[in-house]
Amino acid sequence: MLLAKDCTEIFANFLKRINLLKWFKHLSGSLNNSVIAESVERFGGDGYLVFFGILEMVSDEFDIYNPGRVTLRMKKITKNLQLSRQKTVRILRFFDEKAKLKLQEDVSFFVEIEKGDVTIKCSRLAKLSDNHTQKRLKETSKLLPSDFEVTSLQEEEEEVEEEDKDNTPKEKGYCRPPPCPQKKIISLYNKILFELPRVESWPKASASHLMARWREDPKRQLLENWEKFFYFVKESKFLMGNNNRGWKADLFWLVRPTNFAKVLSQKYHDKDKSNPYEEFINESIEE
65 MLLAKDCTEI
75 FANFLKRINL
85 LKWFKHLSGS
95 LNNSVIAESV
105 ERFGGDGYLV
115 FFGILEMVSD
125 EFDIYNPGRV
135 TLRMKKITKN
145 LQLSRQKTVR
155 ILRFFDEKAK
165 LKLQEDVSFF
175 VEIEKGDVTI
185 KCSRLAKLSD
195 NHTQKRLKET
205 SKLLPSDFEV
215 TSLQEEEEEV
225 EEEDKDNTPK
235 EKGYCRPPPC
245 PQKKIISLYN
255 KILFELPRVE
265 SWPKASASHL
275 MARWREDPKR
285 QLLENWEKFF
295 YFVKESKFLM
305 GNNNRGWKAD
315 LFWLVRPTNF
325 AKVLSQKYHD
335 KDKSNPYEEF
345 INESIEE
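Just so you know, we're using my numbering here: the sequence shown kicks off at 65 and counts up by one.
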């Protein structure tokens with residue numbers, strides 16, 4: 065007779081097999097890739113081994129609802145690669161540095177090492193996945209789960225835009241702001257602030273807050289300024305989780321009016337540090 069615990073484990077393994085990424089595209093000429101070539105030059109064949117070995121291990125744990133992000137035990141990595149912990153850490157940090165240096169080019173994976181756990185974030189793996197996984201990812205990306213329903217982010221954007229049209233004052237000389245590209249802003253957040261909780265669902269309330277922040281100032285209607293804002297958040301040790309509670313900010317929290325204003329006023333940054341993103345601030349932040 066199966067116990068409830070056994071049934072849960074069987075079901076979990078079944079789900080894992082469904083979501084498993086069976087293969088990913090390994091492009092010919094990879095050895096000529098500048099990042100991989102440099103890793104081989106510095107670490108010998110172990111550089112190549114770690115890069116593709118990690119991609120294989122991430123593929124084994126692939127989750128279509130959080131593609132390319134996996135936490136692995138360091139013991140498992142060193143055992144599979146037959147490398148010492150010290151050398152494995154050095155090579156992983158090398159690839160992490162390359163990912164941070166070339167954010168836009170997506171040339172490597174991000175690595176976060178905490179005690180015995182290693183979190184890998186490789187957004188490009190989803191693009192290199194097999195056809196079946198690509199199809200499932202496409203289907204899943206259209207739907208963002210909430211507690212009781214599954215809604216499309218596009219539908220949320222359209223609904224908020226429609227409500228906003230009705231509430232926009234028709235003053236003389238008024239120029240309507242461009243539509244808020246919520247998907248692109250969320251994508252920037254997930255990519256730059258990958259250490260913070262990832263946005264998988266985007267409720268209507270948060271969409272409204274983001275829309276309001278976008279419309280408050282023409283300077284906020286430029287994606288490059290949102291990129292600067294997220295890098296500014298990244299410079300705050302407190303917001304990134306280095307506090308006595310271990311609390312981390314997330315995008316839901318950041319776009320709320322009071323929190324947004326406090327971040328821009330450097331409440332969570334070193335007091336003697338100048339604000340390189342001063343142009344992003346609008347002193348009248350109210351809803």
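Every residue gets a Cβ at the ideal spot worked out from N, C-alpha and C, and that includes glycine.
Predicted model only: the values in this text are computed from it and were never measured.
Three-state secondary structure assigned by DSSP to residue i
| i | result |
| --- | --- |
| aspartate 314 | coil |
| valine 263 | coil |
| aspartate 211 | Because the pLDDT at aspartate 211 is just 31, under 50, the model does not fix this residue reliably, and the point stays unresolved. |
| leucine 303 | coil |
| serine 148 | coil |
| arginine 240 | coil |
| lysine 292 | helix |
| glutamate 280 | coil |
| threonine 72 | For threonine 72, the pLDDT reaches just 49, beneath the cut-off of 50, and the residue's location in the model is therefore unreliable, although a value from the coordinates is still provided. DSSP places threonine 72 in helix when its eight states are reduced to three. |
| serine 123 | helix |
| leucine 286 | coil |
| aspartate 334 | coil |
| arginine 309 | coil |
Spatial distance of residue i from residue j (CA atoms)
| i | j | result |
| --- | --- | --- |
| glycine 310 | valine 171 | 31 Å |
| asparagine 307 | arginine 320 | 21 Å |
| methionine 121 | phenylalanine 115 | 10 Å |
| threonine 152 | serine 123 | 19 Å |
| serine 272 | phenylalanine 159 | 38 Å |
| glutamate 288 | lysine 162 | 21 Å |
| lysine 268 | leucine 274 | 10 Å |
| arginine 284 | tryptophan 290 | 7 Å |
| aspartate 281 | proline 241 | 9 Å |
| lysine 248 | phenylalanine 107 | 37 Å |
| phenylalanine 112 | methionine 138 | The question names phenylalanine, but residue 112 in the sequence shown is tyrosine. Looking at the two C-alpha atoms, the distance is approximately 18 Å. |
| leucine 147 | leucine 252 | 34 Å |
| proline 243 | glycine 180 | 44 Å |
| serine 265 | lysine 166 | 27 Å |
| phenylalanine 324 | leucine 303 | 12 Å |
| glycine 117 | valine 327 | 40 Å |
| isoleucine 177 | serine 329 | 31 Å |
| aspartate 334 | leucine 286 | 26 Å |
| lysine 331 | glycine 305 | 15 Å |
| lysine 292 | serine 270 | 20 Å |
| threonine 142 | asparagine 96 | 26 Å |
| alanine 101 | threonine 322 | 48 Å |
Pick from the options that is closest to residue i, judged by C-alpha positions
| i | options | result |
| --- | --- | --- |
| tryptophan 317 | Asp181, Arg262, Asp334 | Arg262 |
| glutamate 125 | Leu136, Lys292, Gly111 | Leu136 |
| lysine 312 | Leu287, Val297, Arg320 | Val297 |
| proline 245 | Val104, Ile256, Arg279 | Arg279 |
| arginine 157 | Leu286, Phe173, Glu105 | Phe173 |
| valine 182 | Phe324, Ser148, Asp334, Arg133 | Arg133 |
| asparagine 144 | Lys166, Arg154, Lys164, Leu119 | Leu119 |
| lysine 255 | Ser329, Lys331, Leu286, Val175 | Val175 |
| arginine 277 | Leu315, Ser300, Leu303 | Leu315 |
| glutamine 150 | Asp110, Gly117, Lys164 | Asp110 |
| serine 103 | Lys140, Ile155, Ile141, Thr142 | Ile155 |
| lysine 164 | Ile141, Lys140, Val99 | Val99 |
| glutamate 299 | Asn96, Leu260, Thr322 | Leu260 |
Beta-carbon separation (whole angstroms), residue i vs residue j, contact threshold 8 Å
| i | j | result |
| --- | --- | --- |
| lysine 185 | phenylalanine 258 | 5 Å |
Proximity test, Cβ basis, 9 Å: residue i and chain C
| i | result |
| --- | --- |
| tryptophan 290 | In summary, chain C is missing from the structure at hand, where a single protein chain is found. |
Residues bridged to residue i [DSSP beta-bridge criterion]
| i | result |
| --- | --- |
| glutamate 176 | Thr183 |
| valine 134 | Ile184 |
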